[in-house]
Amino acid sequence: MATPASVHAHAPQGFIRKYIFSLDHKVIGIQYFFLALTAVFVGMFLSLLMRIHLIWPSAVLPLLGTIQPETYLSLLTMHGTIMVFFVLTTAPQGGFGNYFLPLQIGAPDMAFPVLNMLSFWTTFVGFVVIIAAFFVTGGAPLHGWTGYAPLSALPSAGPGEQLGADLWITSIAIFCVASLMGALNFLTTTLDMRAKGMTMMRMPLTVWSWFITAILGLLAFGVLLSAGILLLMDRNLGTSFYVPLVVVNGVVMGHKGGSPLLWQHLFWFFGHPEVYIAILPGMGVASQVLSTFSRKPIFGYRAMVYAMLSIGFLGFMVWGHHMFMSGMSPYSAFAFSILTMCIGVPSAIKTFNWLGTMYKGRIRFHTPMLYAIGFVSLFVSGGLSGPFLAQPVLDIQLHDTYFVVGHFHLIMGVAAIFGIFAATYYWFPKMFGRMMNEPMGKLHFFITLAGTYAIFMPMHYLGMAGQTRRYSQFTEVAYQQKLLPLQTFMTYAAIITIAAQFIFVINLFWSMFKGPKASDNPWEATTLEWTTATPPPHDNFGGVTPVVNHGPYEYGVPGAARDYVMQTDPVTSATH
Amino acid sequence: MGLALLLLIWLITLASTYFFVAKTWWLPAGASAAAGWIDHQFALTFVIMGIVFLAAQLSLGYIVWRYRDSPSASPVEYAHGNTTLEIVWTVLTAILFIGLNLMGSNVWASQRFDAAEPGAVQVEVTGMQFAWYFRYPGPDGKYGATSPKLMDPSAGGEAAVGLNTSDPAAKDDVVTGTMYLPVNREVDVSLRAVDVIHSFFVPSLRFKQDAVPGLNIHMHFKPTVIGEYEIACAELCGLGHYKMHGMVHVVSQEDFDKWLTAREAEKQ
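Chains A and B are the protein sequences, given in the same order.
In this text, residue positions in the first sequence follow the working numbering: the first is 1, and each later residue adds one.
In this text, residue positions in the second sequence follow the working numbering: the first is 577, and each later residue adds one.
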C-alpha cells in the first residue's frame, strides 16, 4: 500500500515550500520540536516566577514588578496548559513521532502530507492564541489548567476570566483540531504504509507507542473539543451547560440548572488519557534506548506491547479518580478506584521488563541511555504515589495537595521530559547529521536528575502535611506557614535545575552547527532509520523500499557477524 | 559512569526514604473517628509502596553499575524474555494492588453510605469567594429558607448566606464565621457553595469534600479531640483562594451548648 517512491523523489526547491510550509514529515517533525522547545522555555519561565513568588512574595522583579496573587494563578494556569498541550503532547508525538514513525516503518512519508502540514500550522496558531491571553485586558485566566466551571464559565468570577479565558479555551479547541488531524495521520500511516516484512509485531516499541497514543488522541481530543465549545457557549451565549443558579459577589447570574460536575467528567475523560498521551511515547523511547545501549533484545517485547495497549485501554475508564472529592456518587468511586489500581499492573510489567533488559547486558553510558535510566527511576517514583491517590479514602487527605502536584510532575512531567531528552540525544545525529557533545550531555543529565528529585520529592511531604496546591501564599494558614522552609529549598533547587537547562540549549545549537559529523548508524542500532543516510534524503530511503527481515531489537545475536542484526539484514537462522 | 549513576540513584532513594520514615513531615495528628482507619490504611500503603520503591530503585542502581560495558564484561545473554517470570510478577502486582484497594474500601463505605447517627449536630457549611459560613438550625432543628436574591456577601453573617428572616424557621438559625462542634458527637454537614466550587478541608479531622454550586452534599464525621483546627479551601476558587481560611473549634458538649445559647441570645 506504500505510496510509490517516485512521488516523493523530487524535493521542493523554494525556501518556503522546503522549510516553512513543508510537506516533508521530517521538516514538520523538526518544526514541532522547535515549537515545543519554545513552549517549554515559556512554561519553565512561568514556573520560575511562581517559585520566586511563593518564597519572596513582595520581591520586585525587573520589568514585571511584584507578582500579585491573581497573577500567580494566571502563571500556574498558563504553565500547566502550555506544558501539557504544547510540550508534553507536541514534542514526543508531533515532533519525534512525525520524524521517525515513517522512517521506522520504512515509509517515504506520512499517509497525508498536506494534513500533516495543516496539523502543525494549526498547532502553531493555537500556541499564538494562548500566548495572546497574556496581553489582553484582564490578562491570562486564573482557573487552573483544569478550568473547573463555574469559575471558568463566569467572566465576573475573577481577573483574567474575561477575554483571557475565551482565548484560553479557543487555543485548546484549536489544539484539539490539530491533534485530531495528527492522530488520523499517525493511525493511517502505521496501518497502511509499513514496508514489506514490517509486521505489527516487528514494529519498534516507539512505533507502537505513537500508534497507541494516536488512538488515545483520536478518542480524547474530540471530547475536549466539544467540552470547550460548550464552555465558550456558557460564557458568551448565555447557555447553562456547566453553571447552575449562582450568586457571584452578591449578583445573581443568569444561569440556571447546569452541572459543574459535567465539565469535570468531560474534562477528565480527556484529561486522564492525556496523561498517557504524554507518557506513552516516553515509554517507547525508553524501551528503544535501553535495548540499544544495553546491547540486548528488549525483555518481553510482546508483554511490552500488551502492557501499552492495556494502559491505553484502562486509561479511558479511570477519569473519575480525579473526582473522588467532587460530590459525584461515592459508589462510582469503587469502580474508578479499582480500575485505577489495575493500571498499576501493566505499569509494573513495563518496569520489570526495563530492568530485565539491562540485566546481564553490556551497558554503554551515552547520554540518551542516561536519560532512559533516569526515565525508569522517575517512572517508578512517580508511579508509586499513584496507589495512594487511587484509594478514595486516602484521597480525602491528599486530594488537591502538593502530594498530587509531586505525583503528576514526576510521572507525566519530568519522566515524560526525560523521554523527550532521551529521544533528543538519541536521534539528534540522524536529524541534524552531527553528534551532540557528550560531556555536556552528561553534566546536564546529572544536574537535571538530582534537581528534579529535589524539587518534586519534597512535594509529597508537603502534601501529607496538608499543604494545599494553588495557594499563592502560605501566610494565611498557620500550619502551612510552618512548611515554608521546605518550599524555600524547592525554589533553590528549581533555580539550579532551570539554569542547567541552558547547558542543553547551548549543546543543542552548538552541536547543530559545530558538532562532529555523525555516521549513518552512530549507536550501532537496528531499526530502519539507521539504515538510511544521515540526515535522511527527502524520500527517506533514496528511492529504495526497505525490506524487513528481523525484529526490532536483535542485539547480541550469537553467531552473527557483529553484535547486532539490523532489521533489513539478510535472513539468517540466528535471530528469532 | 556506572558507579556515579549507582551512587546518585541510591542517594536519592535513601534520602527520600529517610524523610518519610523519620516522619519529618507527616500527616497532622488525627482528631476524628475516621482518622485511625485512614492513617492505618495510609501506613499500610506506605509500607508496601516503600518496599517496592526501595527494591526497584536499588536494583536499578545496582544493575546499571553491575552490567556496565567494559572490555572484561561477559557477553550479553541473548534472550527475549521469560514468560513464566512475566506471569508471576503480573499476578503478584495484581493481587497486591487490588487487595490494597479492597482493604481501604470499608472506611470509605462507612463514611459515605451509612446515615449520620441519630442526635448528630446539624451544621450547614456554605462556601463563597472567599469565606466559609456555618449555620446551625437552632432549637427547632430546621434550617430557615435562603434565597439567592438576598445574598449580600459584603454584609457577612446571615445576609451573606441569604437567610430569609421572614421565614419562621429562620428565626432561630445561627450563622457564624467560625465552626463550633461538640467533641465525640457526630456532625451532619450539609455543604453548599454559592458562586464557584470550594472545598472544605480540615486536615486534622481527615475531612475533605468539595462544596459545589447547585448541590447540597451531606457528609458526617465525628471529632474526637478537643482543640482548634484549621480549615483550608482545597479547590481553586479565585484570587483569594489562599486566604479562604477558617477555624473549627471542637469543645466539650457543655461549652458547645453555652456557646450556642449565647449566639441565640445575641439574635433576639
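The C-beta atom is built at its ideal place from N, Cα and C for all residues, glycine as well.
Since the structure is predicted, the reported quantities are computational estimates derived from the model, not experimental observations.
Check                                                                                                                                                             : Outcome
In whole angstroms, give me the CA-to-CA distance for Pro724(B) and Phe127(A).                                                                                    : 40 Å
Closer than 8 Å, CB to CB, is Thr351(A) near chain B or not?                                                                                                      : yes
Where do the ends of the beta strand (DSSP E) carrying Asp786(B) lie?                                                                                             : Phe783 to Ala787
With the cut-off set at 8 Å, would you say Ala416(A) and Leu205(A) are in Cβ contact?                                                                             : no
Alpha carbon to alpha carbon, how far is Phe783(B) from Ile396(A)? Give it in angstroms, no decimals.                                                             : 6 Å
Report the start-end ranges of each beta strand (DSSP E) in the region 784–831 of chain B that is 3 residues or longer and not cut off at the edges.              : 793–797, 803–809 and 821–827
Taking DSSP as the reference, what is the three-state secondary structure of Ile400(A)?                                                                           : The amino acid occupying residue 400(A) in the given sequence is Asp; Ile does not appear at that position. It is coil, neither helix nor strand.
Within 10 angstroms of its Cβ, does Thr660(B) collect 16 or more other Cβ (buried), or is it exposed?                                                             : exposed
Taking the alpha-carbon of Met379(A) as reference, which of Ala39(A), Phe418(A), Phe365(A) and Leu370(A) has the nearest alpha-carbon?                            : Strictly speaking, residue 379(A) in this sequence is Phe, with Met absent from that position. Per the Cα distances, Phe418(A).
Given this structure, state the Cα-to-Cα distance separating Ile363(A) from Ile212(A), to the nearest angstrom.                                                   : 29 Å
Should Leu142(A) and Pro159(A) be called a contact, given that it needs their Cβ atoms to be closer than 8 Å?                                                     : yes
Taking Leu620(B) as the reference, which of Lys834(B), Phe689(B) and Leu672(B) has the closest Cα?                                                                : Leu672(B)
Please find out if some non-hydrogen atom of the ligand GDP comes closer than 7 Å to the beta-carbon of Glu653(B).                                                : This structure lacks the ligand GDP; in fact it carries no ligand of any kind.
Can you tell me which of the three DSSP states Glu529(A) falls into?                                                                                              : helix
Please state the DSSP three-state secondary structure of Gly65(A).                                                                                                : strand
Which full runs of the alpha helix (DSSP H) of 4+ residues lie inside the region 34–62 of chain A, going along the chain?                                         : none
Among Ile131(A), Gly138(A), Val129(A) and Trp168(A), which has the Cα closest to the Cα of Gly147(A)?                                                             : Trp168(A)
In whole angstroms, give me the CA-to-CA distance for Trp601(B) and Leu486(A).                                                                                    : 10 Å
Starting from Pro758(B), trace the beta strand (DSSP E) in both directions and tell me its first and last residue.                                                : Met755 to Pro758
Take Ala691(B) as the anchor and find which of Leu676(B), Asp764(B) and Ser646(B) has the nearest alpha-carbon.                                                   : Asp764(B)
Would you check if there are 3 or more beta carbon pairs closer than 8 Å linking the region 12–19 of chain A to the region 72–83 of chain A?                      : no
Which residues in the same chain have their Cβ closer than 6 Å to the Cβ of Met341(A), if we skip the five residues on either side of it in sequence?             : Ala390
Over the uninterrupted beta strand (DSSP E) stretch that includes Met457(A), give me the two end residues.                                                        : Met457(A) -> not in any beta strand (DSSP E); alpha helix (DSSP H) instead, spanning Glu438 to Met464.
On the premise that Val376(A) lies in contact with Thr401(A), defined as a C-beta separation below 8 Å, what is that separation, rounded to the nearest angstrom? : Not a contact, Cβ separation roughly 27 Å.
Where does Asp717(B) land, buried or exposed, given buried means 16+ other C-beta within 10 angstroms?                                                            : According to the sequence provided, residue 717(B) is Gly. The question's Asp does not apply to it. Exposed, by the Cβ-count rule.
Note down, in chain order, each residue of its chain lying with its Cβ closer than 8 Å to the Cβ of Pro570(A), except the 5 sequence neighbours on either side.   : Asn549
Tell me whether the beta-carbon of Ala494(A) lies closer than 8 Å to the beta-carbon of Leu483(A).                                                                : no
Which partner residues does Lys834(B) have in the DSSP bridge list?                                                                                               : According to DSSP, Lys834(B) bridges with nothing at all.
Specify, as a first and last residue, the run of the alpha helix (DSSP H) that Ser511(A) falls within.                                                            : Leu484 to Lys514
Which value, in whole angstroms, describes the spacing of the CA atoms of Gly95(A) and Leu355(A)?                                                                 : 27 Å
Going by C-alpha distance, which of Glu438(A), His366(A) and Ile455(A) is nearest His407(A)?                                                                      : Ile455(A)
Short check: CB of Phe777(B) to CB of Ala810(B), under 8 Å?                                                                                                       : yes
Below 7 Å CB to CB, which residues in the same chain sit around Arg254(A) once its five sequence neighbours on both sides are set aside?                          : Per the sequence shown, residue 254(A) should be read as Gly rather than Arg. Only Gly238 meet the Cβ criterion.
Kindly indicate if chain A contains any beta-carbon less than 8 Å away from that of Thr800(B).                                                                    : no
Give the single residue among Leu791(B), Tyr756(B) and Ser775(B) whose Cα lies nearest to the Cα of Lys798(B).                                                    : Tyr756(B)
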